[in-house]
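Chemist: Taking the working numbering, I'd label the letters of the sequence shown as residues 264 to 456.
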Amino acid sequence: MTNGQQAAGRSRRRYEPDRRQRLIEVTLDVIAEHGVAGTTHRRVAAAADVPLGSVTYHFDSLEHLLTSAFTHLAETASAAFDAQMAAIEPETDARGKVVEALLADLADNQRSAVLAYELYAAAARNPALRVITQAWMDSTRRSLQRHFDPDTAETLDALIEGLILHATLSTRPVDPGKIRASVCRLVPRDVAG
(Lines of atoms letter the chains of each structure in order from A and count residues from 1; the text may use other names and numbers.)
(Lines give C-alpha, C1' and ligand atoms only; values in the text may rest on other atoms or scores of the structure.)
Protein backbone atom coordinates (compact mmCIF):
# COMPACT_ATOMS: atom_id res chain seq x y z
CA MET A 1 0.00 0.00 0.00
CA THR A 2 1.39 3.38 -0.94
CA ASN A 3 1.51 6.36 1.39
CA GLY A 4 -1.30 7.95 -0.63
CA GLN A 5 -3.51 4.88 -0.17
CA GLN A 6 -2.76 4.81 3.56
CA ALA A 7 -3.62 8.50 3.86
CA ALA A 8 -6.86 7.97 1.92
CA GLY A 9 -7.79 5.08 4.22
CA ARG A 10 -7.13 7.21 7.28
CA SER A 11 -9.09 10.15 5.90
CA ARG A 12 -12.18 7.95 5.47
CA ARG A 13 -12.29 7.22 9.18
CA ARG A 14 -14.65 9.54 10.91
CA TYR A 15 -14.04 10.93 14.33
CA GLU A 16 -17.37 10.38 15.97
CA PRO A 17 -17.30 10.78 19.76
CA ASP A 18 -21.01 9.96 20.04
CA ARG A 19 -20.88 6.88 17.82
CA ARG A 20 -22.20 4.55 20.54
CA GLN A 21 -25.30 6.70 20.98
CA ARG A 22 -25.79 6.99 17.22
CA LEU A 23 -25.58 3.20 16.94
CA ILE A 24 -28.30 2.88 19.58
CA GLU A 25 -30.54 5.22 17.60
CA VAL A 26 -29.80 3.44 14.32
CA THR A 27 -30.59 0.14 16.03
CA LEU A 28 -34.07 1.45 16.82
CA ASP A 29 -34.47 2.36 13.14
CA VAL A 30 -33.44 -1.16 12.15
CA ILE A 31 -35.84 -2.69 14.68
CA ALA A 32 -38.67 -0.47 13.41
CA GLU A 33 -38.02 -1.63 9.85
CA HIS A 34 -37.02 -5.29 10.33
CA GLY A 35 -38.22 -6.24 13.82
CA VAL A 36 -36.12 -7.71 16.60
CA ALA A 37 -35.80 -10.96 14.66
CA GLY A 38 -34.29 -9.11 11.68
CA THR A 39 -31.84 -7.04 13.71
CA THR A 40 -28.18 -8.02 13.54
CA HIS A 41 -24.85 -6.33 14.20
CA ARG A 42 -24.22 -6.44 10.46
CA ARG A 43 -27.54 -4.81 9.56
CA VAL A 44 -26.98 -2.06 12.15
CA ALA A 45 -23.46 -1.45 10.83
CA ALA A 46 -24.78 -1.13 7.28
CA ALA A 47 -27.58 1.23 8.35
CA ALA A 48 -25.10 3.36 10.33
CA ASP A 49 -22.53 3.24 7.52
CA VAL A 50 -19.80 2.05 9.87
CA PRO A 51 -17.57 -1.02 9.87
CA LEU A 52 -19.03 -4.10 11.54
CA GLY A 53 -16.17 -4.00 14.03
CA SER A 54 -17.36 -0.62 15.27
CA VAL A 55 -20.70 -2.09 16.30
CA THR A 56 -19.17 -5.14 17.96
CA TYR A 57 -16.63 -2.90 19.71
CA HIS A 58 -19.44 -1.00 21.45
CA PHE A 59 -21.86 -3.92 21.81
CA ASP A 60 -20.29 -7.32 22.40
CA SER A 61 -23.51 -9.24 21.88
CA LEU A 62 -26.83 -8.77 20.14
CA GLU A 63 -28.55 -8.82 23.53
CA HIS A 64 -26.30 -5.96 24.68
CA LEU A 65 -27.22 -3.98 21.54
CA LEU A 66 -30.96 -4.63 21.93
CA THR A 67 -30.94 -3.93 25.65
CA SER A 68 -29.13 -0.63 25.11
CA ALA A 69 -31.51 0.42 22.31
CA PHE A 70 -34.66 -0.51 24.20
CA THR A 71 -33.40 1.16 27.38
CA HIS A 72 -32.91 4.36 25.38
CA LEU A 73 -36.42 4.04 23.91
CA ALA A 74 -38.03 3.51 27.33
CA GLU A 75 -36.09 6.29 29.04
CA THR A 76 -36.84 8.77 26.26
CA ALA A 77 -40.54 7.93 26.20
CA SER A 78 -40.76 8.01 30.00
CA ALA A 79 -39.13 11.44 30.18
CA ALA A 80 -41.49 12.82 27.52
CA PHE A 81 -44.57 11.42 29.27
CA ASP A 82 -43.40 12.70 32.65
CA ALA A 83 -42.94 16.18 31.17
CA GLN A 84 -46.50 16.04 29.80
CA MET A 85 -47.87 15.02 33.21
CA ALA A 86 -45.76 17.62 35.04
CA ALA A 87 -47.15 20.35 32.78
CA ILE A 88 -50.74 19.70 33.91
CA GLU A 89 -51.79 22.55 36.16
CA PRO A 90 -53.31 21.78 39.56
CA GLU A 91 -57.12 21.85 39.56
CA THR A 92 -57.14 20.85 35.89
CA ASP A 93 -59.09 17.74 34.87
CA ALA A 94 -56.06 15.52 34.36
CA ARG A 95 -58.15 12.95 32.49
CA GLY A 96 -58.54 15.28 29.54
CA LYS A 97 -54.81 16.03 29.47
CA VAL A 98 -54.00 12.30 29.54
CA VAL A 99 -56.35 11.80 26.59
CA GLU A 100 -54.73 14.72 24.72
CA ALA A 101 -51.27 13.23 25.29
CA LEU A 102 -52.46 9.81 24.14
CA LEU A 103 -54.11 11.17 20.99
CA ALA A 104 -51.02 13.22 20.13
CA ASP A 105 -48.84 10.13 20.47
CA LEU A 106 -51.19 8.09 18.30
CA ALA A 107 -51.39 10.77 15.63
CA ASP A 108 -47.70 11.14 14.96
CA ASN A 109 -45.83 8.27 16.50
CA GLN A 110 -46.64 4.97 14.80
CA ARG A 111 -42.91 4.20 14.84
CA SER A 112 -42.73 4.46 18.63
CA ALA A 113 -45.74 2.19 19.01
CA VAL A 114 -44.17 -0.41 16.72
CA LEU A 115 -40.91 -0.22 18.68
CA ALA A 116 -42.74 -0.56 21.99
CA TYR A 117 -44.53 -3.67 20.79
CA GLU A 118 -41.32 -5.15 19.44
CA LEU A 119 -39.91 -4.63 22.94
CA TYR A 120 -42.96 -6.19 24.61
CA ALA A 121 -42.89 -9.25 22.35
CA ALA A 122 -39.16 -9.77 22.91
CA ALA A 123 -39.51 -9.16 26.67
CA ALA A 124 -42.05 -11.95 26.92
CA ARG A 125 -39.17 -14.39 26.41
CA ASN A 126 -36.17 -12.38 27.63
CA PRO A 127 -35.92 -11.48 31.34
CA ALA A 128 -33.27 -8.81 30.66
CA LEU A 129 -35.74 -6.96 28.45
CA ARG A 130 -38.53 -7.49 30.96
CA VAL A 131 -36.51 -5.40 33.42
CA ILE A 132 -36.77 -2.53 30.90
CA THR A 133 -40.53 -2.93 30.45
CA GLN A 134 -41.06 -3.01 34.22
CA ALA A 135 -38.98 0.13 34.71
CA TRP A 136 -40.97 1.82 31.93
CA MET A 137 -44.30 0.86 33.52
CA ASP A 138 -43.09 2.02 36.95
CA SER A 139 -42.02 5.36 35.49
CA THR A 140 -45.31 5.87 33.67
CA ARG A 141 -47.27 5.06 36.80
CA ARG A 142 -45.19 7.48 38.89
CA SER A 143 -45.93 10.17 36.30
CA LEU A 144 -49.65 9.40 36.46
CA GLN A 145 -49.51 9.48 40.26
CA ARG A 146 -48.90 13.21 40.02
CA HIS A 147 -52.67 13.38 39.42
CA PHE A 148 -54.17 10.00 40.36
CA ASP A 149 -53.90 7.62 43.29
CA PRO A 150 -51.56 4.60 42.78
CA ASP A 151 -54.32 2.07 41.99
CA THR A 152 -55.97 4.40 39.49
CA ALA A 153 -52.60 5.22 37.92
CA GLU A 154 -51.86 1.52 37.43
CA THR A 155 -55.26 0.83 35.88
CA LEU A 156 -55.07 3.94 33.70
CA ASP A 157 -51.61 2.88 32.50
CA ALA A 158 -53.02 -0.51 31.47
CA LEU A 159 -55.91 1.17 29.64
CA ILE A 160 -53.52 3.51 27.80
CA GLU A 161 -51.35 0.57 26.69
CA GLY A 162 -54.42 -1.33 25.50
CA LEU A 163 -55.73 1.68 23.61
CA ILE A 164 -52.35 2.20 21.94
CA LEU A 165 -52.22 -1.48 20.98
CA HIS A 166 -55.69 -1.37 19.46
CA ALA A 167 -54.99 1.86 17.60
CA THR A 168 -51.67 0.55 16.31
CA LEU A 169 -53.11 -2.70 15.01
CA SER A 170 -56.54 -1.53 13.84
CA THR A 171 -57.35 -0.79 10.23
CA ARG A 172 -59.92 1.79 11.37
CA PRO A 173 -59.13 5.36 12.38
CA VAL A 174 -58.91 6.22 16.06
CA ASP A 175 -62.12 7.65 17.52
CA PRO A 176 -61.06 10.35 20.00
CA GLY A 177 -64.57 10.44 21.50
CA LYS A 178 -64.42 6.75 22.39
CA ILE A 179 -60.99 7.19 23.95
CA ARG A 180 -62.22 10.12 26.05
CA ALA A 181 -65.30 8.15 27.10
CA SER A 182 -63.18 5.13 28.07
CA VAL A 183 -60.87 7.21 30.25
CA CYS A 184 -63.80 9.03 31.87
CA ARG A 185 -65.61 5.75 32.56
CA LEU A 186 -62.49 4.27 34.11
CA VAL A 187 -61.59 7.37 36.12
CA PRO A 188 -64.62 9.21 37.54
CA ARG A 189 -64.25 12.96 38.00
CA ASP A 190 -64.04 12.62 41.79
CA VAL A 191 -60.97 10.36 41.44
CA ALA A 192 -59.16 12.56 38.93
CA GLY A 193 -56.78 15.21 40.19
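Heads up, the beta-carbon is just placed ideally off N, CA and C, and yes, glycines get one too. Keep in mind it's a predicted model, so treat the numbers as computed, not measured.
Would you mind stating whether residue 365 and residue 294 have Cβ atoms separated by less than 8 Å?
Modeler: No. Outside cutoff.
Chemist: Leaving out five residues before and five after residue 334 in sequence, what residues of the same chain have Cβ atoms less than 7 Å from its Cβ?
Modeler: Excluding residues within five positions, the ones whose Cβ falls inside 7 Å are 395.
Chemist: Give the DSSP-derived three-state secondary structure of residue 345 in the structure shown.
Modeler: Helix, per DSSP.
Chemist: Using 10 angstroms around the beta-carbon of residue 381, count the other beta-carbons present and answer buried if the total reaches 16, otherwise exposed.
Modeler: Label assigned to residue 381: buried.
Chemist: Is it true that the CB of residue 318 sits closer than 8 Å to the CB of residue 297?
Modeler: No, the pair does not count as a contact, with Cβ atoms beyond the cut-off.
Chemist: Which whole-angstrom value is the C-beta distance of residue 340 and residue 375, which I expect to be below 8 Å?
Modeler: Between residue 375 and residue 340 the Cβ distance is about 7 Å, and since that is below 8 Å, they are a contact.
Chemist: Can you tell me where the alpha helix (DSSP H) holding residue 319 begins and where it ends?
Modeler: Run containing residue 319: 315 to 321, per the alpha helix (DSSP H) assignment.
Chemist: Does the beta-carbon of residue 400, which I'm using as the reference point, lie nearer than 7 Å to any heavy atom of the ligand MN?
Modeler: No copy of the ligand MN occurs in the structure displayed, which carries no ligand at all.
Chemist: Is it right to say residue 368 is buried, meaning 16 or more other beta carbons lie within 10 angstroms of its own, or is it exposed?
Modeler: Label assigned to residue 368: buried.
Chemist: For the alpha helix (DSSP H) that contains residue 433, what are its first and last residues?
Modeler: Where residue 433 is concerned, there is no enclosing alpha helix (DSSP H), given that its DSSP letter is neither H nor E.
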